[in-house]
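**Q**
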Amino acid sequence: MPAVQETIDQVSLIDVDQYKYGFVTDIESDRAPKGLSEDIVRFISAKKNEPEWMLEWRLEAYRRWLTMTEPKWARVHYPKIDFDDLYYYSAPKSTKGPKSLDEVDPELLATYEKLGIPLREREILAGVEGASDRRVAVDAVFDSVSVVTTFKEELKKAGVIFCAISEAIREYPEIVKKYLGSVVPTTDNYYATLNSAVFSDGSFVYIPEGVRCPMELSTYFRINERNTGQFERTLIIAEKGAYVSYLEGCTAPMRDENQLHAAVVELVALDDAEIKYSTVQNWYPGDKDGKGGIYNFVTKRGDCRGDRSKISWTQVETGSAITWKYPSCILRGDDSQGEFYSIAVSNGYQQVDSGTKMIHLGKRTKSRIISKGIAAGRSDNTYRGLVSAHRKASGARNFTNCDSLLIGDKCGAHTVPYIESKNASAVFEHEATTSKIADDQLFYCLQRGLSSEEAVALIVNGFVKDVIQQLPMEFAVEAQKLISISLEGSVG
Amino acid sequence: MNAQPRILRTQAEDTLAAEFAAARTQLPGSTAIASAREAAFAAFQKVGLPHRRVEAWKYTDLRALLRSVPPLALDIAVDGVVPADPLIGFDRARIVIIDGVFRPELSDLSGIEGATITPTVELLRADDARIGARLGAIDDAVVSLNTALMVGGVAIDVPEGVTVARAIEIAHVTTAAIGVHVRNIVTVGADASLRVVESHVGSVGSAYQANVVTEATIGDRAKVVWAKLQAEGDASVHLGTLAVSIGKETQFDHLVLMTGATVSRSQTFVTFTGEFARAGLFGATMIGGRQHADIMLGVDHAVPNGQSRERFKAVMDGRADGIFQGRIVVRPDAQKVDARMMTQGLLLSEESSFSAKPELEIFADDVQCAHGATSGQIDDDMLFYLLSRGIPKAEAETLLVTAFLAEAIEGLGDEAIGAAFEAIAGQWLAARGSEAAA
Amino acid sequence: MLEIRNLHASVGDRQILRGVDLVVPTGEVHAIMGPNGSGKSTLSYVLSGRDGYDITEGEILFDGKEIIDMPAEERAAAGIFLAFQYPLEIPGVATMTFLKAALNAQRKARGEAELTTPDFMRRVKVAAEKLNVTQEMLRRPLNVGFSGGEKKRNEILQMALLEPKLAILDETDSGLDIDALRVVSDGVNALRSPNRSMLVITHYQRLLDHIVPDVVHVMSAGRIVRSGGPELALELEANGYAGYVEAAA
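Residue numbers (my numbering), protein chains in the order written: chain A, 6 to 497; chain B, 32 to 469; chain C, 0 to 248.
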């Protein structure tokens with residue numbers, strides 16, 4: 006049984022401290038004054054040397070945000086956030102504009118090294134063997150700024166633009182103007198509107214017509230500074246026939262207070278284009294008593310604008326105190342496809358309310374949802390998803406499978422699907438189950454000599470396999486380890 | 032987007048307030064009931080008619096759907112046209128409630144020895160503790176409205192150990208454009224057995240609004256079969272609620288068939304209060320034209336070792352909107368619960384729609400819970416199989432739709448009721464077929 | 000009985016039949032063999048009138064009459080029967096109910112009187128006994144929970160009851176073990192008659208050991224590429240389809 010051995014090895018690699026990314030980098034920061042006002046919005050815009058139109062866009066969003074209230078429908082509970090008690094901009098002092106790798110502060114490089122993120126172009130992702138021929142371009146975002154983007158020159162040769170969004174606003178204003186806010190409008194929801202007003206950095210990807218991006222692109226987000234909100238904004242455009250696979254990872258130090266992360270990601274796929282977007286979300290989840298942790302309120306949406314386009318979301322959510330996130334697909338083009346593969350693991354006092362929306366507008370559009378929720382400790386884990394077919398979505402198809410696993414009797418697993426069909430020829434199928442790890446499976450493993458923790462890890466890995474397989478290899482190994490770590494101590 | 036200031040009252044809400052103000056002193060009941068009415072109306076007024084921002088009413092926006100409210104029926108039957116009996120030929124005793132008033136002289140109470148039938152009005156006057164006993168956990172504006180305005184209805188009591196020989200029909204008949212608020216109370220003692228058919232009909236073309244709330248308490252080891260037929264008049268609004276608690280080792284089977292009314296909502300709330308109880312909950316919706324039918328189901332596994340099976344089927348034709356919302360809750364420590372919910376929508380026309388929200392809310396780990404949902408049209412492969420055997424298309428469709436609905440209707444496990452309800456489904460399909468031919 | 004001339008059919012943009020010519024005289028049993036994807040199953044669906052196929056060229060004459068514009072149920076009433084490769088499961092419809100509906104619908108379409116229930120029951124009983132179809136199976140919903148063999152026997156039972164002029168057997172041997180294959184083949188052979196034609200579609204020769212055809216046709220890439228006697232099937236068994244696939248490509 007090689008799979009068993011593999012899991013045992015993985016479990017034995019698990020560090021004693023449960024969250025190994027919880028260190029703080031001691032680096033001098035340049036911060037905006039605390040609180041939120043029009044002046045702060047102007048401050049951020051000025052820091053980024055933004056053109057006037059961008060400032061106006063932000064201010065409009067800010068004014069809109071002032072009239073809005075926080076959404077209450079998700080199954081998450083937290084004390085009211087004091088938006089005036091946060092810093093909205095923080096950047097390592099050593100960073101002034103785009104840099105070459107040689108100029109990056111060694112302290113920062115060391116931080117990413119410690120996180121296992123390769124910022125030197127010759128390196129590969131730490132801990133992955135047999136991947137030496139696979140290269141990954143990385144955009145590293147530290148608090149509010151992008152500190153470096155690797156492989157930029159090589160990508161440029163292929164016509165691919167991969168840079169910080171702040172740089173794109175200056176360098177490619179026409180593309181940004183055309184697409185920014187076109188998938189997630191500034192008025193979309195409370196956190197997306199806030200993000201539109203104060204976003205500081207994030208990645209920009211543009212794949213020209215017919216180009217298959219020559220390597221995986223990835224962004225690595227790190228929140229370091231205390232009391233700082235991170236509001237990143239990512240925009241990916243795949244022109245006709247283009248293809249890109251994009252990965253995103255995130256970590257933060259262990260801190261006693263909660264920190265806010267409110268990102269917006271917009272994807273646009275034109276005719277025959279394909280975007281594969283993978284996330285391994287490992288923000289600090291808080292300690293065993295539920296103290297601290299990131300509030301992760303994220304709006305991610307892809308627009309299959311062109312015919313036969315495809316957008317695929319894969320997420321492994323193990324971190325954050327609260328996750329509020331619904332990567333969605335608008336299936337506008339005829340024959341377009343949307344996919345959502347998700348693993349959400351919650352332990353301790355974590356609260357997850359996550360899922361997707363598949364909006365079928367075009368003819369013969371297809372979507373597939375595979376969601377695996379694992380709740381342990383005193384956590385709550387909710388899948389919330391919408392599948393809808395509009396009048397004109399003839400021949401639309403959806404298949405949804407969401408399974409929940411409960412480990413222990415103090416946690417909750419919830420499934421809230423919305424299925425709305427206004428087209429007779431649309432065929433939707435949804436199935437969901439909730440159960441615990443079967444005693445006989447567990448016994449089988451124990452009888453073969455596994456410890457109960459190993460057995461749980463093994464069975465859980467089997468449970469999430471369909472989703473893990475969707476991840477690029479580099480992330481699959483990391484994701485499996487993360488899941489094991491997240492569940493540590495969950496078996497009595 | 033999320034600002035929820037209390038919107039100005041709608042005309043319907045204004046009318047209801049005026050009606051309550053005018054009727055409050057005439058409504059029957061003790062002083063305790065009078066103050067319960069006041070509290071319930073205040074609760075209703077605070078939130079108003081349910082609208083789409085109220086999650087439980089997301090798909091049935093009464094604020095938009097109820098443009099106006101007809102005058103209240105108090106304790107006098109209007110006695111307009113009584114529609115035909117849809118269950119003719121089915122053997123049962125009959126409690127007839129016309130325009131909200133229990134009419135013993137029109138009822139047939141033979142063959143139900145052991146059971147006691149009392150007009151609800153008497154319970155209201157006696158301040159009976161069973162009024163409102165099952166509604167504590169239900170926060171619903173329509174139920175509050177019923178509590179404020181309830182007048183008629185009956186109480187059925189089946190004492191411990193009694194098996195009622197004949198099925199009892201509670202026939203709700205509305206004959207004119209009035210607002211009817213009925214409250215029924217059903218109490219089934221331990222080891223007793225009862226079959227109930229709750230029917231709702233009304234005169235054609237009459238824009239009445241019926242709000243019927245039934246509270247049922249089912250004792251340990253009792254066996255209850257309960258079938259609801261919503262075949263209201265074509266211009267009416269039906270708002271029906273059943274709140275039932277089921278005791279230890281009880282077997283409770285419930286079926287709702289929705290085919291009438293222009294706007295209808297049927298709510299069933301089942302609470303498991305004793306272990307090892309089993310509930311079978313079924314629904315069949317058959318609507319067309321511009322009908323809107325919403326089934327809401329709440330299953331609360333409050334104790335361990337419960338079992339529930341839910342199967343809901345909806346067939347929509349014309350421009351009809353069919354809705355199913357089902358929620359299974361397994362409370363902390365309610366271990367070993369086994370719950371399976373299936374909901375399926377079948378769209379027969381281009382402009383019909385189906386929405387479903389089958390929810391699981393699980394707080395205990397040693398459970399087996401599952402739900403499934405599908406939406407689609409008649410399966411092409413199945414249809415072709417029948418066509419290839421020479422069965423004409425209309426007949427093949429009828430056969431498939433009948434089979435689709437039968438899976439829900441037969442779930443009830445009561446042959447006589449099943450046959451009566453399948454006949455009603457058959458009539459609906461035949462009417463549809465002849466319309467298509469015309 | 001059946002004459003197919005230059006039949007072209009496609010699904011969406013995909014051309015599947017590319018000029019099929021085939022004549023099956025009354026009373027003969029013809030086999031169509033061919034590799035996967037050669038268009039055999041498509042031909043059976045096109046003949047029985049399934050939606051979703053565009054007939055772009057050619058004609059299908061059944062009893063001398065063009066049937067391309069005939070809906071599936073009329074073709075069935077006219078005497079075309081398809082034994083499905085994968086018989087459909089139809090929950091909620093009892094097998095007996097289905098058989099009666101089909102038989103009476105066809106009789107009605109032909110202007111014959113509907114059968115009385117006792118008469119119908121008698122016919123089913125006789126046919127069912129020959130095929131080892133139990134009363135219990137007949138009470139169950141159509142094909143639901145039937146084994147592969149039970150489903151195929153149920154197909155032949157329907158054929159026996161409906162008494163078609165042309166029976167198309169689409170991969171009737173798939174999913175059958177030897178014993179089941181014998182029962183099904185015996186059932187089919189019992190229905191051979193001078194008034195009835197059969198078109199037996201199969202990938203493997205083994206079915207033709209049991210149902211011996213008068214003529215064997217080889218289909219490849221949407222055409223009949225060779226025809227011959229029963230010995231052709233043996234040749235195919237020995238040499239495979241490789242030569243035909245290449246020849247067609």
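Built from N, CA and C at the ideal position, the CB exists for glycine as well.
Leaving out five residues before and five after B:I126 in sequence, what residues of the same chain have Cβ atoms less than 8 Å from its Cβ?
**A** Sequence-distant Cβ neighbours of B:I126 in its own chain, meaning closer than 8 Å and more than five residues away, are F133, S138, L140, I148, V185, I187, I199, E200, I201, A202.
**Q** Shortest alpha-carbon distance to A:I412 belongs to which of A:S440, A:K281, A:V189?
**A** A:S440
**Q** Per DSSP, B:P150 is paired with what?
**A** B:V185
**Q** Using a C-beta to C-beta distance shorter than 8 Å, which residues of chain C count as neighbours of B:M413?
**A** L87, I89
**Q** Ignore the nearest five residues each way along the sequence and tell me which others in C:K150's own chain have a CB closer than 6 Å to its CB.
**A** Sequence-distant partners of C:K150 (beyond 5 residues in either direction) whose C-beta falls short of 6 Å from its own C-beta, in its chain, are P86, N142.
**Q** Let me see if you follow: with CB-CB separation under 8 Å, is A:E65 close to chain B or not?
**A** Not an interface residue.
**Q** DSSP on A:E128, reduced to helix/strand/coil?
**A** Bear in mind that the predicted position of A:E128 carries a pLDDT of just 47, short of 50, making it unreliable; the figure below should be weighed with that in mind. It is coil, neither helix nor strand.
**Q** Between which residues of its own chain and B:G311 is the CB-CB distance below 6 Å, once the five residues before and five after are set aside?
**A** D284, R340, G442
**Q** Determine the DSSP secondary structure at C:E234, reduced to helix, strand or coil.
**A** helix
**Q** Check each residue of the segment 422-445 of chain B: if its Cβ is closer than 9 Å to any Cβ of chain C, include it; give the result in chain order.
**A** I422, P423, K424, E426, A427, L430, L431, T433, A434, F435, L436, A437, E438, E441
**Q** Name the chain B residues whose beta carbon is nearer than 8 Å to that of A:L447?
**A** Within 8 Å Cβ-Cβ: nothing; A:L447 doesn't reach chain B, min ~12 Å.
**Q** The segment 356-383 of chain A: which residues have C-beta closer than 9 Å to a C-beta of chain B, in chain order?
**A** A380
**Q** Can you give me the Cβ contacts of C:Q204 inside the same chain, cut-off strictly under 8 Å, excluding the 5 residues immediately before and after it?
**A** Closer than 8 Å at the Cβ level, and outside the excluded window around C:Q204, lie M32, A232, L233, L235, E236.
**Q** What residue range does the beta strand (DSSP E) around A:Q264 cover?
**A** The continuous beta strand (DSSP E) containing A:Q264 extends over residues 263-266.
**Q** Kindly say whether B:L418, judged by its beta-carbon, lies nearer than 8 Å to any beta-carbon of chain C.
**A** yes
**Q** Using the C-alpha atoms, what's the distance from B:S276 back to A:R80?
**A** 27 Å
**Q** Residues in its own chain within less than 7 Å of C:A299 by CB, not counting five upstream and five downstream?
**A** Nothing can be reported for residue 299 of chain C: it is not among the residues displayed for chain C, which extend from 0 to 248.
**Q** Quick one: grab the DSSP three-state call for B:I326.
**A** Strand.
**Q** Which residues in chain A have a C-beta closer than 9 Å to the C-beta of B:Q338? List them in chain order.
**A** In chain order: nothing, as chain A lies at least about 15 Å away.
**Q** Give the straight-line distance between the Cα atoms of B:S295 and B:L460, rounded to the nearest whole angstrom.
**A** In a straight line, the C-alpha of B:S295 is about 20 Å away from that of B:L460.
**Q** So is C:L130 in contact with chain B if we call contact Cβ pairs under 8 Å?
**A** no
**Q** Could you tell me how far apart the beta carbons of B:F303 and B:H332 are, in whole angstroms, since I believe they sit closer than 8 Å?
**A** Distance from B:F303 to B:H332 at the Cβ level is roughly 5 Å; contact confirmed, criterion being Cβ atoms closer than 8 Å.
**Q** Is A:T319 near A:V357, with beta carbons less than 8 Å apart?
**A** no
**Q** Near B:L414, what residues of its chain come up, given a Cβ to Cβ distance below 8 Å and the 5 sequence neighbours on each side ignored?
**A** Cβ contact annotation for B:L414 (same chain, cutoff 8 Å, sequence separation greater than five): K424, A427, E428, L431, in chain order.
**Q** Based on the DSSP output, what are the partners of A:K330 in its beta bridges?
**A** A:V303, A:S359
**Q** Can you grab the Cα-Cα spacing for the pair B:Q261 / B:V174, in whole Å?
**A** Linking B:Q261 to B:V174 through their CA atoms gives a straight-line distance of about 18 Å.
**Q** Between A:F88 and chain B, is the shortest Cβ-Cβ distance under 8 Å, so that the two count as touching?
**A** no
**Q** Which residues in chain B have a C-beta closer than 7 Å to the C-beta of A:S430? List them in chain order.
**A** Q408
**Q** Establish whether the CB of A:I212 and some CB of chain B are separated by less than 8 Å.
**A** It does not: the Cβ of A:I212 has no partner Cβ on chain B nearer than 8 Å.
**Q** When DSSP builds the beta bridges, which residues end up paired with B:A262?
**A** B:V232
**Q** Ignore the nearest five residues each way along the sequence and tell me which others in C:G242's own chain have a CB closer than 7 Å to its CB.
**A** none
**Q** So with CB distances below 7 Å, who are the chain B contacts of A:E425?
**A** S386
**Q** Buried or exposed for B:D364, going by 16 or more other Cβ atoms inside 10 Å?
**A** exposed
**Q** Pull up the CB-CB distance for B:E263 and B:G291, whole angstroms please, since I reckon it's below 8 Å.
**A** 4 Å
**Q** Does the segment 341-360 of chain B come close enough to the segment 372-379 of chain B that 3 or more CB-CB pairs lie under 8 Å?
**A** yes
**Q** Quick check on the DSSP output: the beta strand (DSSP E) that includes C:M32 runs from which residue to which?
**A** 28-32
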